[in-house]
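Inspection log for the structure reproduced underneath, given as structure tokens.
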Amino acid sequence: MPGGRLTQQERRRIAAGLAEGLPYAEIARRLGRPTSTVSREVGRNGGPGGYRPQQAHQETLRRARRGTPAPPRAAGTPGGATGGATETEEEIVELAVRSGMPRMTARVHVALLLSEDGSCTAAELTRRLKVSPASVSVAVNFLVQQGYVRRERDPRRRRDIYVIDDDAWYHSIVVSSRQTLDSARAAITAAEEFGPDSPVGQRLARAGTFLERVVLDMRASADRWRTLLA
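The sequence shown maps to residues 331 to 560 in my numbering.
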């Protein structure tokens, strides 16, 4: 397996793979590189829709000439309060993005997930990720709404603390299943309005019933296995 920096030819092959719609894992397999190498390369250089191999290569050369060392990690925070993302972080972020989570939301989620005690303030997230407070606010609001994170109030310093703990996985499933269940039951209601014998009514009824059964099974499974998080 080759090591070291990606070559210009490899970057062209990455661009070709993205154009074909190949997943990162397949592009990496063809290059003989780790999947994380490909996901990090694409994520640093415009993402899947904006990756340009020549520009990526020139930017890498520029960084190498500059030779700026990575800042030291601060104790208790992944990558340090002002440090860049680690390879592990970037790979987890890419997985979350591919599953449909907005990139900034994924970055905030992973920063909390990998923090030592599973909690950060908005100011700490802003410094950690080097983004605006508004970006962090939008991301954490989404995570709270979806059950991934809970908001706590620090009465001494009058600030919010965002916490991700083991039980957050259970709550995120509950929130997600509730939303899907609402959609399923809306489809069943619409099926009755169109008529159970009409093609549209039958289609909606089948879809709604399928989603309802799957979601109820998922909720029951989450309740059954919740003790694993204790």
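Glycine included, each C-beta is placed from N, C-alpha and C at the ideal position.
Inter-residue CB distance, residue i and residue j (contact presumed, cutoff 8 Å)
i: A452; j: R480; result: Their Cβ separation, rounded to whole angstroms, is 14 Å, which puts A452 and R480 out of contact at 8 Å.
i: V449; j: Y492; result: Here residue 449 is Ser; the residue named in the question, Val, does not match the sequence. Yes, S449 and Y492 are in contact; Cβ-Cβ is about 6 Å, under 8 Å.
Residue i, DSSP secondary structure in three states
i: S366; result: helix
i: S506; result: helix
i: T519; result: helix
i: M434; result: helix
i: T337; result: coil
i: G351; result: coil
i: Q385; result: helix
i: A550; result: helix
i: R375; result: According to the sequence displayed, residue 375 carries Asn and not Arg. The answer is coil: DSSP assigns N375 none of H, G, I, E or B.
Beta-carbon proximity of residue i to residue j, cut-off 7 Å
i: I494; j: L443; result: yes
i: G531; j: F540; result: no
i: A345; j: Y381; result: yes
i: A441; j: R458; result: yes
i: S366; j: E419; result: no
i: A517; j: L534; result: yes
i: L348; j: P378; result: yes
i: A552; j: I503; result: yes
Sequence-distant residues of its chain with Cβ nearer than 8 Å to residue i (five each side left out)
i: L559; result: D496, D497, W499 and Y500
i: S462; result: T456
i: R343; result: I357, R360 and L361
i: T390; result: R335 and L336
Counterpart residues of residue i in DSSP-defined beta bridges
i: D490; result: R483
i: S449; result: V493
Own chain residues within Cβ distance below 7 Å of residue i, not counting five before or after
i: A469; result: M434, T435 and V438
i: E340; result: L361
Cβ-based neighbour list, residue i, same chain, cut-off 6 Å, excluding 5 preceding and 5 following
i: P383; result: R341, R342 and A345
i: R556; result: Y500
i: E417; result: S366
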